[in-house]
Ligand SMILES: Cc1ncc(COP(=O)(O)O)c(C=O)c1O
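In our numbering, the protein residues as written are 538 to 951.
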């Protein structure tokens with residue numbers, strides 16, 4: 538049984554002074570029974586909530602923690618920079634060092650500019666594409682998440698029709714709908730923006746079909762538009778050179794954030810020389826965008842990612858988890874669908890309206906000490922070992938048993 542007294546007390550206090558108690562996707566009200574809202578500390582792939590319950594973490598802070606929480610090399614680099622200065626009148630040496638490493642690591646990158654959040658980076662990409670082409674229309678896949686500002690937020694509260702006037706939607710991986718959207722944009726096409734793969738919440742993930750990726754590139758080339766890959770969620774987990782290296786298609790602009798500083802707040806846009814002038818014309822800035830601590834943390838993160846061949850390591854443990862869950866699903870006779878890259882697992886139950894099975898599974902796994910998510914893609918980190926995957930599979934065993942029990946006790950058809 539999980540303790541939750543402190544969590545309950547903090548929720549009560551928060552409700553009075555924070556509307557809804559918590560905003561956005563991290564509101565624990567959106568999670569199954571028993572999930573904590575507040576956390577006390579984290580180390581490696583372990584996470585402790587404010588009541589002292591310990592979990593093996595398969596959300597990794599919703600992506601940023603790629604090397605494991607509180608990675609010693611990253612934290613040492615951050616501490617060293619903190620002792621010197623963080624938020625100064627301009628950037629420190631770390632910015633140049635980081636830019637050099639990113640240009641050296643990311644295949645399409647001739648230059649890089651830094652921001653704070655993924656939304657900053659995707660918005661800068663779209664603005665730079667418009668500035669560089671002198672056009673307005675941007676093609677966006679229906680259901681893809683690119684951030685929480687009016688041009689792309691999934692909620693329409695506070696958004697005007699004018700905010701979306703030049704956004705045209707298409708279906709991810711659907712060549713005909715991509716072509717139709719490009720036709721609609723005509724000679725006003727500024728950009729096509731695509732996530733690294735289809736990782737929309739609550740549905741099966743899809744890798745980009747090579748023909749789809751190639752067509753997106755061709756349409757941009759023919760129209761003189763920019764191909765933007767939003768690598769905010771997948772960046773550095775699939776391929777250090779950029780996720781679309783795997784399909785052999787290079788973007789003009791890419792948005793990065795989450796994993797680049799292993800949990801320190803940082804985002805980046807990388808681009809080709811074609812957009813070098815445009816990015817200098819756009820007025821991009823933010824009070825904290827050149828803070829040095831997160832940049833020093835990112836230099837250390839990239840050095841470790843490169844040294845440890847991080848994507849391959851996460852692929853190995855992710856594959857173990859996928860095979861283990863598949864075997865358990867067969868043994869319990871409870872079918873699941875596992876989709877997308879193994880480093881970013883999505884596990885959905887067959888015939889599961891309202892994610893009731895997924896929620897029962899996750900609540901039971903949580904009680905057994907493993908933090909899964911019932912309908913969002915999860916994240917592996919370099920810190921997950923084979924023993925941690927073993928622990929996850931033990932918790933999954935409890936999860937499948939709970940689904941079976943809930944099925945047995947559910948009222949049958951009349
Ligand atoms: C693909 C993608 N793009 C953009 C964003 C926005 O990033 P942020 O929440 O840091 O603004 C996210 C966040 O989850 C994302 O997954």
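Where a beta carbon is used, it is the ideal one built from N, C-alpha and C, also for glycine.
Please read these numbers as outputs of a predicted model, since none were measured by experiment.
Close beta carbons around residue i, own chain, < 7 angstroms, minus the five adjacent residues each side
i	result
residue 638	836 and 839
residue 874	741, 885 and 887
residue 712	748, 749 and 752
residue 589	540
residue 710	735, 743, 745, 746 and 749
residue 941	869 and 871
DSSP beta-bridge partners of residue i
i	result
residue 586	576
residue 594	908
residue 883	876
residue 728	675 and 763
residue 581	606
residue 649	807
residue 793	805
residue 707	678
residue 735	743
Presumed contact (8 angstroms Cβ cut-off) between residue i and residue j, rounded CB distance
i	j	result
residue 766	residue 779	7 angstroms
residue 885	residue 912	7 angstroms
residue 968	residue 823	Here the chain has residues from 538 to 951 only, and residue 968 is not among them.
residue 805	residue 652	7 angstroms
residue 576	residue 587	7 angstroms
residue 788	residue 645	6 angstroms
residue 606	residue 579	4 angstroms
residue 857	residue 934	The pair is not a contact, with the Cβ atoms about 15 angstroms apart (cut-off 8 angstroms).
residue 763	residue 734	Actually they are not in contact, since the Cβ atoms of residue 763 and residue 734 sit about 20 angstroms apart, beyond 8 angstroms.
residue 902	residue 932	4 angstroms
residue 792	residue 768	6 angstroms
residue 861	residue 926	7 angstroms
residue 551	residue 563	Not really, about 12 angstroms apart at Cβ, beyond 8 angstroms.
residue 574	residue 604	In fact, because the Cβ distance is near 25 angstroms, the residues do not count as touching under 8 angstroms.
residue 665	residue 819	6 angstroms
6 angstroms Cβ shell around residue i - same chain, five flanking residues per side excluded
i	result
residue 921	582 and 854
residue 585	577, 578 and 591
residue 680	737
residue 810	647
residue 629	829
residue 611	799, 834, 837 and 838
residue 657	804
residue 802	653 and 831
residue 669	812 and 815
residue 617	none
residue 554	none
Chain-order list of residues whose beta-carbon lies under 8 angstroms from that of residue i (same chain, five-residue window excluded)
i	result
residue 619	830
residue 951	Low confidence applies to residue 951: its pLDDT is 29, below 50, so where it sits in the model is not reliable, and the reading given next is rough at best. Excluding sequence neighbours, residue 951 sits near nothing in its chain.
residue 695	687
residue 910	568, 595, 596 and 899
residue 525	The chain is shown only over 538 to 951; residue 525 falls outside these bounds and no answer can be derived.
residue 623	828, 829 and 830
residue 760	719, 722, 724 and 726
residue 889	895
residue 866	872, 873 and 937
Any chain C beta carbon closer than 8 angstroms to residue i
i	result
residue 687	Annotation note: the requested chain C is absent from the structure, which comprises a single protein chain.
Residue i CB to nearest heavy atom of ligand 2 below 7 angstroms
i	result
residue 685	Within the structure as shown, ligand 2 is missing, the only ligands being ligand 1.
Runs of alpha helix (DSSP H) lying entirely within the stretch 801-856, each at least 4 residues, in chain order: As far as the stretch 801-856 is concerned, its whole alpha helix (DSSP H) runs of at least 4 residues are 813-818 and 829-844.
Pairs of beta-carbons, one from the stretch 788-796 and one from the stretch 594-603, closer than 8 angstroms: are there three or more? yes
Mind the definition here: the stretch 663-680 touches the stretch 718-730 only if three or more C-beta pairs lie below 8 angstroms; say whether that holds. The stretch 663-680, when compared against the stretch 718-730, does touch it at the 8 angstroms Cβ threshold.
Does the stretch 644-663 touch the stretch 745-759, meaning 3 or more C-beta pairs lie closer than 8 angstroms? no
Quick test of the definition: if touching needs 3 or more C-beta pairs under 8 angstroms, does the stretch 841-854 touch the stretch 914-928? yes
I want to know whether the stretch 752-759 touches the stretch 889-899 - three or more CB-CB distances under 8 angstroms. no
Three or more C-beta pairs below 8 angstroms linking the stretch 862-880 and the stretch 543-562: no
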